[in-house]
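Trainee: Let me begin by handing over the structure; questions about it come next.
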Amino acid sequence: MAGKIKAIRGMRDILPPETTRWQAVENAAREVFRVYGYREIRLPVIERTELFARSIGTETDIVSKEMYTFADRHGDSLTLRPEATAAVLRAVLENGLDKAAGVKKLYTLGPMFRYERPQKGRYRQFHQINCEALGSDAPELDAEVILMLSDILKKVQLGASRLLVNSLGCPGCQAEFKAGLSQFLMSKEGLCEDCQRRRVTNPLRVLDCKSVHCKEILTDAPVLKDYLCPDCAAHFARVLELLSRFGVTYEEQPRLVRGLDYYTRTAFEVVAVGLGAQDAVAGGGRYNGLAQELGGPELPAIGFAIGEDRLMEVLPENLGQNAGKTVFLAALGDPAKDQAFSLLQALRQEGIAAEMDFSGKSLKAQMSLADRLAADYTVILGDRELETGKANLRRMATGDQQEVSLSLLPMVLAGL
RNA sequence: GUGGGCGUAGCUCAGACGGUAGAGCACCGGGUUGUGGCCCCGGUUGUCGCGGGUUCAAGUCCCGUCGCUCACCCCA
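Laid out in structure tokens, this is it:
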């Protein structure tokens, strides 16, 4: 144990049967994306460091202290992606996808990396399901994206959760709010150390400080909603109206600002109960200025990320475990084994999950194995069966057994 | 980066005052010369995280170290 090489800190193996649940979630997401017109994009997990620095914001925790950054052999500074949006946008601009007609709807799945101290629901390599809709500032799109997220979460049977929404305004009103907030914060004593720094560098971040003392001070801080310009206010109202119309329950959360600098207007988060401190299973928002920030054209967009690792923690244990039937072939003696192997392949070609033992176990041991593999049926094949041309077909749940002609077995099993 | 808890068999864990390592589960075999799940019997598995110290003797005490975990922070 001492000398064995282990997975590195904050990274882990996801093993069966757990992987079945992951597949169920990913399949559900793909299906929902399909009906909403989203298509998959696959991206590198490494990008130039500058991409993230410019998009996420140098003052954010992600960029300032959580990135896996290293120099490659040519001395270029590269970073394991801490999130997907910047990379999606880079790919869109680089490949000219933004020039296509209509709203560009993309999704992507995969690992992200952040160098943080691991804890429950927080890993250094974690997995996200991401979607991005680019090319429209219409509030209907905001609503659609949130509805789609809601559909996915419903489909995977997420239990108790809350949807928090807020509007961060456009650069215009957000700047005004920041100024007002800044003034307010500067006039206050006793903010925590972090917030004293943040009130200068990024006053919005102070709003979701967890310190009870800071929260107290913030109770009569200016509220973003009061600062929204008419356009932003109307946009937000329309989004909320649509959510209500489709029966999505949400909570307005005026303190929700999120950790990335690029968000504008709609921001939202889904928190699950029973997850401990890291309870956000999904989060997202609009990022109208990001494309230009990255040297592209004006390209209003909105997206979200689902944290798969966290989501798994609260989903039903048996998610996706309703596989089709399994057949086990128990063979006695070499001639029967040989025959069984042919049958094994015949069943598999029919799409039936079939297994047998190659090691020459006793029938008892093979039955036991069939049981542990959760076989629904076991075919027993020995010299006697080879002679009569009929195998014993045993239904494991009941123990009922019947003789079936060997040549008919694949057909009979397919029909069960 | 900061704090708390914990590191004993593949897994979950027990090991009062230091005396030379156990249980359950799992796994393999037998009870049934060709029939699983229950039951019974037998068997395999450990550098007691690592290093050092105290001691006749350390899983047990002390120091250090590494790892895991939860929380702060932050976020998916």
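So for the first sequence, the numbering used here puts the first residue at 265; every next one is plus one.
Beta carbons are placed, not taken as given, at the ideal position from N, Cα and C, and that holds for glycine.
1. Which ranges would you report for the alpha helix (DSSP H) in the region 292 to 378 if only whole runs of at least 4 residues count?
2. Met675: buried (16+ other C-beta within 10 angstroms of its C-beta) or exposed?
3. Out of Cys493, Ile305, Leu680, point me to the one whose CA is closest to Val356's CA.
4. What would DSSP say about Lys601, mapped onto helix, strand or coil?
5. Which full runs of the alpha helix (DSSP H) of 4+ residues lie inside the region 375 to 433, going along the chain?
6. Could you tell me whether the Cβ atoms of Ile570 and Gln392 are closer together than 8 angstroms?
7. Going by Cα to Cα distance, which pick from Gln287, Asn430, Ala348 is closest to Val309?
8. On the DSSP letters alone, give me the boundaries of the beta strand (DSSP E) that Lys654 sits inside.
9. Quick one: what's got a C-beta closer than 7 angstroms to Leu558's C-beta in the same chain, skipping five residues either side?
10. So, do the region 619 to 626 and the region 650 to 657 have three or more beta carbon pairs nearer to each other than 8 angstroms?
11. So which of Val512, Gln517, Ala678, Ile566 has the shortest CA-CA distance to Lys418?
12. Using a 10 Å radius around the Cβ and a threshold of 16 neighbouring Cβ atoms, would you call Glu408 buried or exposed?
13. Does the beta-carbon distance from Tyr526 to Gly321 come in below 8 angstroms?
14. How many angstroms separate the CA atom of Asp754 from the CA atom of Asp647?
15. Among Cys456, Leu520, Ala293, which one has its Cα closest to the Cα of Ser414?
16. Counting C-beta neighbours from all protein chains within 10 Å, is the total for Val327 16 or more, i.e. buried, or is it exposed?
17. Tell me which same chain residues have a C-beta within less than 8 angstroms of the C-beta of Gln287, skipping the five on either side of it?
18. Does the separation of the CB atoms of Tyr491 and Gly560 fall below 8 angstroms?
19. Give me the Cα-Cα distance between Ala678 and Val521, rounded to the nearest whole angstrom.
20. Is Ala266 helix, strand or coil when you go by DSSP?
21. Mapping the DSSP letters down to three states, classify Gln520 as helix, strand or coil.
22. Take Cys478 and list the residues in its own chain whose beta-carbon comes closer than 8 angstroms to its own, dropping the five residues that flank it on each side.
23. Just how far apart, CA to CA, sit Asp602 and Leu593?
24. Per DSSP, what kind of secondary structure is Glu533 in: helix, strand or coil?
25. Indicate the three-state DSSP secondary structure (helix, strand or coil) for Arg276 in the structure shown.
26. Using the three-state DSSP reduction, which class does Val512 fall into: helix, strand or coil?
27. Hey, would you say Cys434 sits closer than 8 angstroms to Thr283, going by beta carbons?
Mentor: Checking against the coordinates, here is how it stands:
1. Qualifying alpha helix (DSSP H) stretches, in chain order: 313 to 320, 325 to 329, 349 to 358.
2. exposed
3. Val356 has its Cα closest to that of Ile305, out of Cys493, Ile305, Leu680.
4. helix
5. 403 to 419
6. Pairing Ile570 with Gln392 gives a Cβ-Cβ distance under 8 angstroms.
7. Ala348
8. 654 to 659
9. Scanning its chain for C-beta atoms nearer than 7 angstroms, with the 5 sequence neighbours on each side dropped, one finds around Leu558 the residues Arg318, Ser319, Leu353, Arg354, Leu357, in chain order.
10. In this structure the region 619 to 626 does not lie against the region 650 to 657, because fewer than three pairs of beta carbons, one per stretch, are closer than 8 angstroms.
11. Val512
12. buried
13. yes
14. For the chain, the structure presents residues 265 to 680; residue 754 sits outside this window and is missing.
15. Sorting Cys456, Leu520, Ala293 by C-alpha distance to the C-alpha of Ser414 places Ala293 at the top.
16. buried
17. Take Gln287, set aside five residues on each side of it, and the residues of its chain with a beta-carbon closer than 8 angstroms to its own are Gly584, in chain order.
18. no
19. 55 angstroms
20. In this predicted model, Ala266 has a pLDDT of only 40, less than 50, meaning its place in the structure is not dependable enough to derive any value.
21. In the sequence as displayed, the identity of residue 520 is Leu instead of Gln. Leu520 falls in the coil class under three-state DSSP.
22. Apart from sequence neighbours up to five positions away, the residues of its chain that approach Cys478 with a beta-carbon distance below 8 angstroms are Leu455, Cys456, Cys459, Val470, ordered along the chain.
23. 11 angstroms
24. In the structure shown, Glu533 sits in a strand (DSSP, three-state: E or B).
25. In the three-state reduction of the DSSP assignment, Arg276 falls in the coil class, being assigned neither a helical nor a strand state.
26. coil
27. no
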